[in-house]
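Note sheet for the following structure.
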Amino acid sequence: QGGCGRSVGRWGLGTPRGSLSLPASLSPMATYINYGEGEEDATVQGAEWLQGMIEMQKGPEARKAFHEEFTTLHSDQENSRQYNYGPVLDLFISQSEDLFSAIAETGREEKVKEVESFFALVLSMLEMLDDEQQLDRSTTRLCELFATSSDQQPELRLRL
Numbered sequence: 008q009g010g011c012g013r014s015v016g017r018w019g020l021g022t023p024r025g026s027l028s029l030p031a032s033l034s035p036m037a038t039y040i041n042y043g044e045g046e047e048d049a050t051v052q053g054a055e056w057l058q059g060m061i062e063m064q065k066g067p068e069a070r071k072a073f074h075e076e077f078t079t080l081h082s083d084q085e086n087s088r089q090y091n092y093g094p095v096l097d098l099f100i101s102q103s104e105d106l107f108s109a110i111a112e113t114g115r116e117e118k119v120k121e122v123e124s125f126f127a128l129v130l131s132m133l134e135m136l137d138d139e140q141q142l143d144r145s146t147t148r149l150c151e152l153f154a155t156s157s158d159q160q161p162e163l164r165l166r167l
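So the number in our numbering is just where the residue sits in the sequence shown, counting from 1, plus 7.
Structure representation (structure tokens):
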């Protein structure tokens, strides 16, 4: 179950921590994000990961500003009858512009998996939008994001 009663599958994105072994010829596509009960939901996990990236790239003040905005949006939605992913999705997309440039040559493989997992979460949030105009705006913005600076991580952008 997702955060608002939508079924999104128990295993979420990629492989669960140590629970699934893949044949040597296969590698997990993305890092596991737990959609199960009793743990922070995937949206909060994505926000926590993005906060770390923002702090690394823009500093602690930018991280704090993102945290405050996310907390406000997320709290407002949790208190509503049905969670509207639109505002949180817009925030995630607006803060994702520098993620591809954050993938350095050192630790590249792990960082690619992290960025891929984050965007898998963002793409899954698109599926949860009910408002057609919001879906169109968010999809357009995400496509623009993938097309900008296409020389950075072109293979990952193509997969996404």
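Cβ coordinates follow ideal geometry from the N, Cα and C atoms, glycine included.
So the alpha helix (DSSP H) Arg88 belongs to, where does it begin and stop? Position 81 of the sequence shown, counting from 1, holds the residue named residue 88. Arg88 -> no alpha helix (DSSP H), and no H or E assigned at all.
Have a look at Trp254 and Gln89 and give me their C-alpha separation to the nearest angstrom. The structure shown does not extend to residue 254, since the chain spans only 8 to 167, so no value can be given for it.
Nearer than 7 angstroms: is that true of the beta carbon of Gln84 relative to any heavy atom of the ligand GDP? With respect to small molecules bound, the structure shown includes none, and the ligand GDP cannot be examined in it.
Quick check on Leu106: buried or exposed, where buried means 16 or more other Cβ atoms within 10 Å of its Cβ? Position 99 of the sequence shown holds residue 106. Label assigned to Leu106: buried.
Looking only at its chain, what residues have a beta carbon closer than 7 angstroms to the beta carbon of Gly12, apart from the 5 residues adjacent to it on each side? Numbered from its first residue, the sequence shown carries residue 12 at position 5. Legend: pLDDT at Gly12 = 35, less than 50; position of this residue unreliable, value from coordinates given subsequently. In its chain, beyond the 5 residues on either side, no residue has a beta carbon closer than 7 angstroms to the beta carbon of Gly12.
Whole-angstrom distance between Asp143 and His81, CA atom to CA atom: Walking along the sequence shown from the start, residue 81 turns up at place 74. Walking along the sequence shown from the start, residue 143 turns up at place 136. So the two alpha carbons sit approximately 22 angstroms from each other.
Take Lys65 as the anchor and find which of Glu104, Ser156, Glu116 has the nearest alpha-carbon. Taking the first residue of the sequence shown as position 1, residue 65 is located at position 58. Proximity to Lys65 across Glu104, Ser156, Glu116 peaks at Glu104, based on C-alpha coordinates.
Nearest to Val51 (by Cα), restricted to the options Thr155, Leu128, Lys118: The residue you call residue 51 lines up with position 44 of the sequence shown. Cα-wise, what sits closest to Val51 is Leu128.
Asn41 (DSSP reduced to helix, strand or coil): Numbered from 1 along the sequence shown, position 34 holds the residue referred to as residue 41. Interpretation of Asn41 is limited by its pLDDT of 48, a score under 50 that renders its predicted location unreliable; the figure taken from the coordinates is listed afterwards. In the three-state DSSP reduction, Asn41 falls in the coil class, being neither helix nor strand.
Same chain only: Cβ atoms within 8 angstroms of Ala157, ignoring 5 sequence neighbours per side: Start at 1 with the first residue of the sequence shown, and residue 157 comes out as number 150. In the sequence on display, residue 157 carries Ser and not Ala. Closer than 8 angstroms at the Cβ level, and outside the excluded window around Ser157, lie Arg164.
Are there 16 or more other CB atoms within 10 angstroms of the CB of Ala49, so buried, or fewer, so exposed? The residue you call residue 49 lines up with position 42 of the sequence shown. Buried, by the Cβ-count rule.
Could you tell me which of Gln160, Leu130, Asp137 sits nearest to Lys118, measuring between CA atoms? As a first step, residue 118 is located in the sequence shown; it is residue number 111 there, counting from the start. Residue Gln160 is the option with its Cα nearest to Lys118.
Taking the C-alpha atoms as reference points, what is the distance between Glu76 and Met135? One-based indexing of the sequence shown puts residue 76 at position 69. One-based indexing of the sequence shown puts residue 135 at position 128. Taking C-alpha positions only, Glu76 is separated from Met135 by approximately 21 angstroms.
Buried/exposed call for Ala54, threshold 16 Cβ in 10 Å: Taking the first residue of the sequence shown as 1, we reach residue 54 at position 47. The residue is buried, with at least 16 neighbouring Cβ atoms inside 10 Å.
Residue range of the unbroken alpha helix (DSSP H) whose run includes Thr50: Along the sequence shown, one-based indexing puts residue 50 at 43. 49 to 65 is the span of the alpha helix (DSSP H), which, as asked, contains Thr50.
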